[in-house]
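Below is one structure; the comments refer to it alone.
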Amino acid sequence: MATACSRSAGPRTVTIRSPGRMSTAGKQTAPFDPKTFFARAGDGWSILHCPKHQILFTQGDVANGVFYIQEGWVKLTVISPQGKEAVIAILGTGDFFGETCLAGELVCLATATSLDASTIVRIDRAAMNRVLYNEPAFSQLFLTYLLSRNIRIQEDVADQLLNSAERRLARTLLLLARSAKENTPDLAIPKISQETLAEMIGTTRSRVSFFMNRFKKLGFIEYTDGLHVHTSLLTVVLAA
Numbered sequence: 021m022a023t024a025c026s027r028s029a030g031p032r033t034v035t036i037r038s039p040g041r042m043s044t045a046g047k048q049t050a051p052f053d054p055k056t057f058f059a060r061a062g063d064g065w066s067i068l069h070c071p072k073h074q075i076l077f078t079q080g081d082v083a084n085g086v087f088y089i090q091e092g093w094v095k096l097t098v099i100s101p102q103g104k105e106a107v108i109a110i111l112g113t114g115d116f117f118g119e120t121c122l123a124g125e126l127v128c129l130a131t132a133t134s135l136d137a138s139t140i141v142r143i144d145r146a147a148m149n150r151v152l153y154n155e156p157a158f159s160q161l162f163l164t165y166l167l168s169r170n171i172r173i174q175e176d177v178a179d180q181l182l183n184s185a186e187r188r189l190a191r192t193l194l195l196l197a198r199s200a201k202e203n204t205p206d207l208a209i210p211k212i213s214q215e216t217l218a219e220m221i222g223t224t225r226s227r228v229s230f231f232m233n234r235f236k237k238l239g240f241i242e243y244t245d246g247l248h249v250h251t252s253l254l255t256v257v258l259a260a
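Mapping of the sequence shown onto my numbering: residues 21 to 260, in sequence order.
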């Protein structure tokens with residue numbers, strides 16, 4: 021397992037307290053701020069500053085921690101016994117990964133690699149179980165994330181079975197740009213090769229190149245200091 025990510029300086033042991041103030045009625049009054057909550061390295065916690073293309077763990081490694089992306093992008097890939105590689109997810113800020121260890125998985129089911137310079141929190145399995153038990157706000161955030169991702173996986177399966185490659189590509193680009201979370205007309209995504217996009221949507225690189233050129237001509241995307249996606253690309257996804 022690669023361990024080149026640098027750890028943040030600071031105290032190694034802290035008391036993790038409730039991230040929000042509590043009212044006399046026992047209800048949380050201050051909004052839960054995951055960035056503040058995860059910024060505190062402590063017993064069982066560490067903050068990793070990873071360069072581009074850093075391997076966080078490899079398929080088959082011992083599964084003993086959960087990861088949270090504070091900033092950056094991470095790619096999850098799997099390799100078949102025949103040596104064929106597939107991209108199963110591109111994760112961004114606010115996403116968790118590695119949580120299968122909480123369900124009893126003993127080894128990592130995929131390889132996780134940073135796509136760019138990223139700040140990632142690693143939580144030991146024991147510490148994760150402890151925080152889930154003691155911190156209701158954190159537990160709610162984690163449960164909401166898992167439910168949302170479960171819905172996303174179901175949508176991905178339906179997308180692969182029912183939609184054309186062009187619509188699958190448009191949906192993937194919009195999801196990568198976080199169009200569902202950001203109310204802006206111009207959204208940047210990390211630099212991802214057309215080969216990777218082809219693996220994600222189940223088509224060939226030449227088809228992806230053809231569709232990307234079409235999207236560019238129609239003004240749905242543009243290449244200016246990276247790839248920028250306009251929310252107008254949604255018209256392709258919604259097309260009958």
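Just so it is clear, CB atoms sit at the ideal spot from N, CA and C, and this is done for glycine as well.
Pull up the distance between the alpha-carbon of L194 and that of S252, whole angstroms please.
Your numbering for residue 194 matches position 174 in the sequence shown. Your numbering for residue 252 matches position 232 in the sequence shown. Each residue's alpha carbon lies about 10 Å from the other.
Taking a contact to mean a Cβ-Cβ separation below 8 Å, would you say K95 touches L122 in this structure?
For this step, residue 95 is matched to residue 75 along the sequence shown. For this step, residue 122 is matched to residue 102 along the sequence shown. No. Outside cutoff.
At which residues does the beta strand (DSSP E) containing D144 begin and terminate?
For the purposes of this step, residue 144 is identified with residue 124 of the sequence shown, where counting begins at 1. Start and end: 138-144.
How is K236 classed by DSSP in three states: helix, strand or coil?
Start at 1 with the first residue of the sequence shown, and residue 236 comes out as number 216. In this structure, K236 counts as helix in the three-state DSSP scheme.
Near E219, what residues of its chain come up, given a Cβ to Cβ distance below 7 Å and the 5 sequence neighbours on each side ignored?
What you label residue 219 is simply residue 199 of the sequence shown in a count that begins at 1. The answer, listed in chain order, is A106, V107.
Which same chain residues end up closer than 8 Å to T244 when comparing Cβ atoms and leaving out the 5 residues on each side of it in sequence?
Residue mapping note: residue 244 aligns to position 224 of the sequence shown, counting from 1. Contacts found: none.
Could you check how far apart the C-beta atoms of Q90 and F58 are, in whole angstroms? I think they sit under 8 Å.
Residue 90 sits at position 70 when you count from the first residue of the sequence shown. Residue 58 sits at position 38 when you count from the first residue of the sequence shown. 6 Å between Cβ atoms; contact.
Would you kindly report the start and end of the unbroken alpha helix (DSSP H) that includes E186?
What you label residue 186 is simply residue 166 of the sequence shown in a count that begins at 1. From DSSP, the alpha helix (DSSP H) with E186 extends over 185-196.
Hey, could you find the ends of the alpha helix (DSSP H) I99 is sitting in?
One-based indexing of the sequence shown puts residue 99 at position 79. Element bounds for I99: not the alpha helix (DSSP H) but the beta strand (DSSP E), 94-99.
When DSSP builds the beta bridges, which residues end up paired with F162?
As a first step, residue 162 must be located in the sequence shown, where it is residue number 142. According to DSSP, F162 bridges with nothing at all.
Do you know offhand how far T23's Cα is from F162's?
Residue 23 sits at position 3 when you count from the first residue of the sequence shown. Residue 162 sits at position 142 when you count from the first residue of the sequence shown. Note on T23: pLDDT 47, under 50, position unreliable in the model; no value is reported.
Under three-state DSSP, which class holds I221?
In the sequence shown, counting from the first residue as 1, residue 221 sits at position 201. Residue state, collapsed to three classes: helix.
Of the residues S159, L181, F231, which one's Cα is nearest the Cα of A190?
If you number the sequence shown from 1, residue 190 lands on position 170. Residue F231 is the option with its Cα nearest to A190.
Around the C-beta of A132, are 16 or more other C-beta atoms found within 10 angstroms, so that it is buried, or is it exposed?
One-based indexing of the sequence shown puts residue 132 at position 112. So A132 ends up on the buried side.
Tell me whether T113 sits in a helix, a strand or coil according to DSSP, three-state version.
As a position in the sequence shown, residue 113 is number 93, starting the count at 1. DSSP places T113 in coil when its eight states are reduced to three.
Would you mind giving the Cβ-Cβ distance between I212 and I110, rounded to the nearest angstrom? I have them listed as a contact below 8 Å.
Start at 1 with the first residue of the sequence shown, and residue 212 comes out as number 192. Start at 1 with the first residue of the sequence shown, and residue 110 comes out as number 90. Yes, they are in contact, since the Cβ atoms of I212 and I110 sit about 7 Å apart, within 8 Å.
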